[in-house]
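Asks:
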Amino acid sequence: MSAEITLGMDSALSSYNKIFQALEAHQDWFANSIPLIASENVPSPAVREAIISDFANRYAEGWAGDRVYAGCTYIDEVELICLDLAKRLFSAEFADVRPVSGVCANLTVYSAFADPGDTMMALAIPNGGHISAARKEFNGTAGLVHGLNVEYFVFDRENWNIDVDKTKEKVRKLESEGKKPKMVMFGGSLFLFPHPVKELSEFFKSEGIVVCYDAAHVSGLIAGKQFQAPLAEGVDAVSLSTHKTLFGPQGGTVLSWDKYAEKIKAGAFPGTSSNHHLHHVAGKAIAFAEFLEFGEEYATRVIENAKTLAGALNDEGLDVLASNLGFTKSHQIAVDVTKYGDGGNLEKDLEKANIIVNRQLIPGDIQAGRHYMHPGGLRLGTSEVTRLGMRKEEMRQIASFLAKIIVKKEDALKVKEEVRHLRNSYQKVHYAFDTGTAAYKYIKIR
Ligand SMILES: *Cc1c(COP(=O)(O)O)cnc(C)c1O
36 MSAEITLGMD
46 SALSSYNKIF
56 QALEAHQDWF
66 ANSIPLIASE
76 NVPSPAVREA
86 IISDFANRYA
96 EGWAGDRVYA
106 GCTYIDEVEL
116 ICLDLAKRLF
126 SAEFADVRPV
136 SGVCANLTVY
146 SAFADPGDTM
156 MALAIPNGGH
166 ISAARKEFNG
176 TAGLVHGLNV
186 EYFVFDRENW
196 NIDVDKTKEK
206 VRKLESEGKK
216 PKMVMFGGSL
226 FLFPHPVKEL
236 SEFFKSEGIV
246 VCYDAAHVSG
256 LIAGKQFQAP
266 LAEGVDAVSL
276 STHKTLFGPQ
286 GGTVLSWDKY
296 AEKIKAGAFP
306 GTSSNHHLHH
316 VAGKAIAFAE
326 FLEFGEEYAT
336 RVIENAKTLA
346 GALNDEGLDV
356 LASNLGFTKS
366 HQIAVDVTKY
376 GDGGNLEKDL
386 EKANIIVNRQ
396 LIPGDIQAGR
406 HYMHPGGLRL
416 GTSEVTRLGM
426 RKEEMRQIAS
436 FLAKIIVKKE
446 DALKVKEEVR
456 HLRNSYQKVH
466 YAFDTGTAAY
476 KYIKIR
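Reading the sequence shown from the start, the letters are residues 36 to 481 in the numbering used here.
Listed below in structure tokens is the structure:
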């Protein structure tokens, strides 16, 4: 903490100044850290420029070219370009770039294809599922906000994937109980290997079940053609976040087929938003253009780096999960740290050394009585360090830093200096048309 915070006591000006001090301190910290949070990335200077434009202050309800507000000439131009780029990037017939987040993209899809009281099948959280596809009893979005009953895919923990045959059996059983799913949602937050979409979508469709895919995490890997292609494999709609492996501004998008366009449009507006975030539409358009040009190379490097980091951590003696399967085919790896502490405490120890990771529930945690605050695992992602230009050699260095803290319990301040030294050479984003400004440079326009 850089400033002394005295809530309730400061003058307005003093609070105002402390806010800017914190914003600057944060950027300086991240410029000297190793960011390994799998859901994060760093946008290009071009995306940052777009999101501080005046688009941020406007309204444009409705579809581009058919708005409820005046003043949208240039906003429409940019949104039409954004839609065109999204469709080309994902080979999709239809795209809606208005959802303001991945959760809103999911809600858009739920509203398009299911009614409250219907059943959806998704991945359970301890198997990698996300809270936005979870039950009401956990305050999950699907249950709490859209009233869906959630049933789980049968998950095979040996193979780190959905069990195709047992999932089919489960659907038939649910059907016999009068609880047949209206829709299924593939995808998840701990997402190491492509899901068996091709193997299951024909079955689901023959049962009259709508097939959706949550690509929040892996949208950049899909766009870069290094992961499965869910639309080509038979899904009806894809929801995604634009800021995880896809290095855009924070936001969501839905991809689908023309025959579902009107349902999805209604789900996005007015269903789950009134105004959407127009500056972020501009930022998405820029990130999509960057991805069309540089995405294949980027996604290839991201996955190569994840595999290298996993192998190097394994060599350092850490228990990287899914070792029987080569650790990962995505940007993520999961590490069982129960030999050395727990995910919550180790996350804090690593933060002191400027290594930013997040704790992760892993299979077996719930049975062992561990919970989300102190789970047995850590999840690491290579999207952001790859965006900064790091390659295999740097992954091996990062693995040694992690081992110094987790295994050898070395002094965090000493490791922090080594981290800063490594980061010195990686201050700019790669895989972009304009890379002049440092990635975490604080931009002052006051
Ligand atoms: C991150 C995530 C989301 C939510 O995305 P936001 O953009 O944070 O709202 C949805 N689904 C999955 C699987 C996720 O990992």
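Just so you know, even glycine gets a beta-carbon here, dropped at the ideal spot from N, CA and C.
Nearest to D377 by CA position, among F362, A264 and Q395, is which residue?
Replies: Ranking F362, A264 and Q395 by Cα distance to D377 puts Q395 first.
Asks: At the level of alpha carbons, what is the spacing between S50 and N340?
Replies: Approximately 42 Å, taken between the alpha carbons.
Asks: Enumerate in chain order the residues of its own chain whose CB-to-CB distance from S68 is below 6 Å, with the five nearest sequence positions on each side excluded.
Replies: Within the same chain, S68 has close Cβ partners N389 and I391.
Asks: Taking buried to mean at least 16 other C-beta atoms within 10 Å of its own C-beta, is A99 buried or exposed?
Replies: Buried, since its Cβ has 16 or more Cβ neighbours within 10 Å.
Asks: Assuming L353 contacts V337 (C-beta within less than 8 Å), just tell me the rounded distance between them.
Replies: Between V337 and L353 the Cβ distance is about 20 Å, and since that is not below 8 Å, they are no contact.
Asks: Give me the Cβ distance between D384 and A447, rounded to the nearest whole Å; I'm assuming they're in contact under 8 Å.
Replies: Yes, D384 and A447 are in contact; Cβ-Cβ is about 6 Å, under 8 Å.
Asks: Quick one: give me the first and last residue of the beta strand (DSSP E) that E485 is part of.
Replies: In this structure the chain extends from 36 to 481, so residue 485 is not present and cannot be described.
Asks: Heavy atom of ligand 1 less than 7 Å from the Cβ of G137, yes or no?
Replies: G137 Cβ: within cutoff of ligand 1.
Asks: If E268 and S291 are in contact, beta carbons under 8 Å, what's the gap, nearest whole angstrom?
Replies: The Cβ separation is near 14 Å, so there is no contact.
Asks: Please work out which residues of its chain come closer than 6 Å, Cβ to Cβ, to I166, disregarding the five sequence neighbours upstream and downstream, and give them in chain order.
Replies: So the qualifying residues of the chain are G175.
Asks: What do you reckon, is the C-beta of R251 under 7 Å from a heavy atom of ligand 1?
Replies: For clarity, residue 251 is Ala in the given sequence; the question names Arg instead. For ligand 1, at least one heavy atom lies less than 7 Å from the Cβ of A251.
Asks: Could you tell me if R458 is buried or exposed, where buried requires 16 or more neighbouring beta carbons within 10 angstroms of its beta carbon?
Replies: Answer is buried; the Cβ neighbour count reaches 16.
Asks: Is the separation between the beta-carbon of D131 and that of K387 shorter than 8 Å?
Replies: No, the Cβ-Cβ distance between D131 and K387 is not below 8 Å.
Asks: Hey, which unbroken runs of the alpha helix (DSSP H) at 4 residues or more fall wholly within the stretch 417-447?
Replies: Runs of the alpha helix (DSSP H) inside the stretch 417-447: 418-422 and 427-441.
Asks: Might you give, ordered along the chain, the residues of its own chain that have their beta carbon closer than 7 Å to the beta carbon of K171, omitting 5 neighbours on each side?
Replies: Around K171: G178 and L179.
Asks: Say yes only if the C-beta of H315 is nearer than 7 Å to one or more non-hydrogen atoms of ligand 1, and no if none qualify.
Replies: False, no ligand heavy atom lies under 7 Å from that Cβ.
Asks: Going by Cα to Cα distance, which pick from G97, V135, E445 and I40 is closest to H278?
Replies: Comparing Cα-Cα distances from H278 to each of G97, V135, E445 and I40, the minimum goes to V135.
Asks: Compare the Cα-Cα distances from E419 to each of Q462, R405, K444 and A272 and report the closest residue.
Replies: The residue with the shortest Cα to Cα distance from E419 is Q462.
Asks: Identify every run of the alpha helix (DSSP H) within the stretch 320-345, keeping only runs that are complete inside it and at least 4 residues long; order them along the chain.
Replies: Listed in chain order, nothing qualifies, since the stretch 320-345 has no complete alpha helix (DSSP H) run of 4 or more residues.
Asks: Can you check DSSP and say which residues form a bridge with S291?
Replies: DSSP output for S291 lists F129 and A272 as bridge partner(s).
Asks: Hey, quick one: how far does the alpha helix (DSSP H) through R394 stretch, first residue to last?
Replies: Per DSSP, R394 belongs to no alpha helix (DSSP H); it is in the beta strand (DSSP E), N393 to Q395.
Asks: Within this structure, are the beta carbons of N217 and D153 separated by less than 8 Å?
Replies: Inspection of the sequence shows that residue 217 is occupied by Lys rather than by Asn. Contact flag set, yes.
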